[in-house]
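Novice: Sequence positions in the sequence shown follow numbering that gives the first Met the number 0 and run 0 to 474.
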Amino acid sequence: MREAAGEERILERLCGELLSASDLKAIGRARGFPVVGGPREKLAEAVSARFLDPLGLAEAMGSLGGPALAALHLVAAAEEPLPLGALHPVFDAEGDPYEIDYRTLWRRVSADLLAKGVLLADDEEYQWSSRERSRFARFRLLLPEGFRPFLPPFPVPTEPCQGKGEGGSSREFLAGALAAFAALGTPKEAAKKGAERGPLPARVARAFRIEDGVLGLRGFEGSNPVRLLRWLTACWGEGLPQRDELAHAPPAGRVARHALGHLPPGRGCTPQALSQALASVGLRVKPSTVSSFCEEGTMAGLVRRYPRGAGEALYRLEEAVEPPHAEEAHLVVRPERGGVRVDGRASDLLLVLDASRASRAQVVDGALLLEPDVVRMGRAWGEIGKSAAMATLRAASRAFEEAAGTLEGRRGQVTVHRGLTVLRVDDVGLRAAVRSRFAGSVREVAGEYLAVLRASAEDVLAFARKEGFVARRVP
């Protein structure tokens, strides 16, 4: 999320340097700010002081229509400040996307959006590129975070939604993807069986990985249900390829997701209507592709579908998405091969990921197997020792119970692994030099102590002697 301090800095420069006095007065009229007379500096200061407050914002945004409203939503859909050139197809649909009159475009954006007090613009932090011949091409547009709740509906034709509609479950979808990953075979085989694009279930299944025995998801770390939901939403958004992709434009999937989440209450849109709305902002996607995109979102529990008999169904973003991890989550396992076999379809994915933090994972005969790893379990014990996942593993497997019991019995003790030598190095400079020279075989334990691989111990001691230090062995 963008920091408020950054927005205030951008606002100060926008009002102080980039906008004219007439633009500043227009902002005051559009937002209902008190009339201020005097020099331009005083006017800029007055507008800057009130701009980020919600006063008059809903009315200013509600007054927009046509290309200006579409442009506002395109900026809002972008996760990063949007280049000015991305708005060219919005304001000049027939123009050449590679021959943009940036000066004229800036004037249009200033009059239709910036002077309405609904956007910010900045150009200081962006470097020139070979394609940006005009200084106006450096401008980036952004929507302050506090403005998002006041966005009017996305400009797309809608119809009333009848009934409760149909939707899936993100928890069940992710569980199915885990089972599909195991069914693909070994991780290396799974990586060969598809490209990045393709149906959403396949894309999510291929995102699973096992590296050095650790089960994980590409691009996702931790076990936070909100972050996992964002990750799934991002994966879904990747499934809407557009024709004639422009470097400036945000991904079509991100804009489509934004549009479905900004429809009037109780109303939905058809894939045909959404396809046309995307085209109005320069994103050309076939209606059939948009339909598949909406269906995948429904399958993943992110979108709600409202059938209409023989006609196209209506879609809108799910208002209350079921979290991937609920209070009554389940981890279903049974003993096998000195560990447990995971029932992917019946288990909550976040619990499986928690369980894998104490295990070595592998795929055998189309199933995910977890075996206890005492070292990994010890590192994460403070977080998972009393978790539901660990309780399930201990109840189902004697191997996990014994490993956990060993850790509990050694609680509070310092364990030194075999094959190591512990050195006490009082001199700070020597300690730093040893860590740098033998980075691959030396680790700092605590304070002045270093753990060294036994095979490298004599080399470390010889290095210390060359530096003028004397080594003394403790019986």
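For glycine and all other residues, C-beta sits at the position ideal for the given N, C-alpha and C.
1) Quick one: is G265 near chain D, going by C-beta distance under 8 Å?
2) To the nearest angstrom, how far is it from the Cα of L301 to the Cα of R39?
3) Within 8 Å, do at least three Cβ pairs link the region 71-87 to the region 245-254?
4) Please classify E165: is it buried, with 16 or more other beta-carbons within 10 angstroms of its beta-carbon, or exposed?
5) Along the chain, where does the alpha helix (DSSP H) that runs through V459 open and close?
6) Give a yes or no on whether the C-beta atoms belonging to P306 and A299 are separated by under 8 Å.
7) DSSP state of A328, grouped into three classes?
8) Between which two residues does the beta strand (DSSP E) carrying D353 extend?
9) What residues in its chain sit with their C-beta under 6 Å from that of S290, if we drop five residues either side in the sequence?
10) As an exercise, report each continuous beta strand (DSSP E) stretch of at least 3 residues that is fully enclosed by the region 267-325, in chain order.
11) For the alpha helix (DSSP H) that contains L199, what are its first and last residues?
12) So the beta strand (DSSP E) L141 belongs to, where does it begin and stop?
13) In three-state DSSP terms, what is A194?
14) Please return the same chain residues whose Cβ sits closer than 7 Å to the Cβ of S455, not counting the five positions on each side in sequence.
15) Would you mind stating whether S274 and L228 have Cβ atoms separated by less than 8 Å?
16) If you run the structure through DSSP and keep just helix, strand and coil, what is G94?
17) Beta carbon of E6, beta carbon of L56: below 8 Å?
18) Contact defined as beta carbons within less than 8 Å: I believe A174 pairs with R356. What is the distance between those atoms, to the nearest angstrom?
19) State the beta-bridge partners of T103 as determined by DSSP.
20) Hey, would you say F90 sits closer than 8 Å to R107, going by beta carbons?
21) According to DSSP, is D52 part of a helix, a strand, or is it coil?
22) Would you call Y101 buried or exposed, if buried means 16 or more other Cβ atoms sit within 10 Å of its Cβ?
23) Secondary structure at E6, three-state DSSP: helix, strand or coil?
24) Tell me which same chain residues have a C-beta within less than 8 Å of the C-beta of T297, skipping the five on either side of it?
25) When DSSP labels each residue in this structure, what does D372 get in the three-state scheme?
Specialist: By the coordinates alone:
1) No chain D appears in the structure shown, which is made up of a single protein chain.
2) Position 302 of the sequence shown, counting from 1, holds the residue named residue 301. Position 40 of the sequence shown, counting from 1, holds the residue named residue 39. Cα to Cα, the separation comes out at about 48 Å.
3) At 8 Å Cβ cutoff, the stretches touch.
4) The residue you call residue 165 lines up with position 166 of the sequence shown. That one is exposed.
5) Along the sequence shown, read from residue 1 onward, the residue named residue 459 stands at position 460. From DSSP, the alpha helix (DSSP H) with V459 extends over A456 to K465.
6) On the sequence shown, position 307 is the one that residue 306 refers to. On the sequence shown, position 300 is the one that residue 299 refers to. It is not a contact, given that the beta carbons lie outside the stated cut-off.
7) By 1-based counting over the sequence shown, the position of residue 328 is 329. The answer is coil: DSSP assigns A328 none of H, G, I, E or B.
8) For the purposes of this step, residue 353 is taken as the residue at position 354 of the sequence shown. Careful: D353 lies outside any beta strand (DSSP E), inside the alpha helix (DSSP H) at L348 to S355.
9) Residue mapping note: residue 290 aligns to position 291 of the sequence shown, counting from 1. Excluding residues within five positions, the ones whose Cβ falls inside 6 Å are P270.
10) For the region 267-325, whole beta strand (DSSP E) runs of length 3 or above, ordered along the chain, are 302-307 and 310-316.
11) One-based indexing of the sequence shown puts residue 199 at position 200. Start and end: L199 to A206.
12) In the sequence shown, counting from the first residue as 1, residue 141 sits at position 142. Counted as a single uninterrupted DSSP element, the beta strand (DSSP E) harbouring L141 occupies residues R139 to L141.
13) Here the question's residue 194 lines up with position 195 in the sequence shown. Any reading at A194 is ruled out, since the residue's pLDDT is 42, under 50, leaving its predicted position unreliable.
14) Position 456 of the sequence shown, counted from the first residue, corresponds to residue 455. Excluding positions up to five away in sequence, the list reads F437 and S440.
15) Stepping through the sequence shown from its first residue, residue 274 is reached at position 275. Stepping through the sequence shown from its first residue, residue 228 is reached at position 229. No; because the gap between Cβ atoms is not below 8 Å, this pair is not in contact.
16) Here residue 94 corresponds to residue number 95 of the sequence shown, with the count starting at 1. Three-state DSSP puts G94 in coil, outside helix and strand.
17) Locating residue 6 in the sequence shown gives position 7, where the first residue counts as 1. Locating residue 56 in the sequence shown gives position 57, where the first residue counts as 1. Contact: no.
18) Translated into positions along the sequence shown, residue 174 becomes position 175. Translated into positions along the sequence shown, residue 356 becomes position 357. About 18 Å separates the two Cβ atoms, so there is no contact after all.
19) As a working note, residue 103 is residue 104 in the sequence shown. Answer by DSSP bridge pairing: none, since T103 is not bridged.
20) The sequence position of residue 90 within the sequence shown is 91, counting from 1. The sequence position of residue 107 within the sequence shown is 108, counting from 1. The answer is yes: Cβ separation under 8 Å.
21) To locate residue 52, count along the sequence shown from 1; it is residue 53. If DSSP states are grouped into helix, strand and coil, D52 belongs with coil.
22) Start at 1 with the first residue of the sequence shown, and residue 101 comes out as number 102. Taking all protein chains in view, the Cβ of Y101 is crowded by 16 or more other Cβ atoms within 10 Å, so the residue is classified as buried.
23) For the purposes of this step, residue 6 is taken as residue 7 along the sequence shown, with counting starting at 1. Helix at E6.
24) Taking the sequence shown and counting its residues from 1, the one referred to as residue 297 is at position 298. For T297, same chain residues with a beta-carbon under 8 Å away, outside a window of 5 residues either side, are E165, G166, G167, R303, R304 and Y314 in chain order.
25) In the sequence shown, the residue the question calls residue 372 occupies position 373. Coil.
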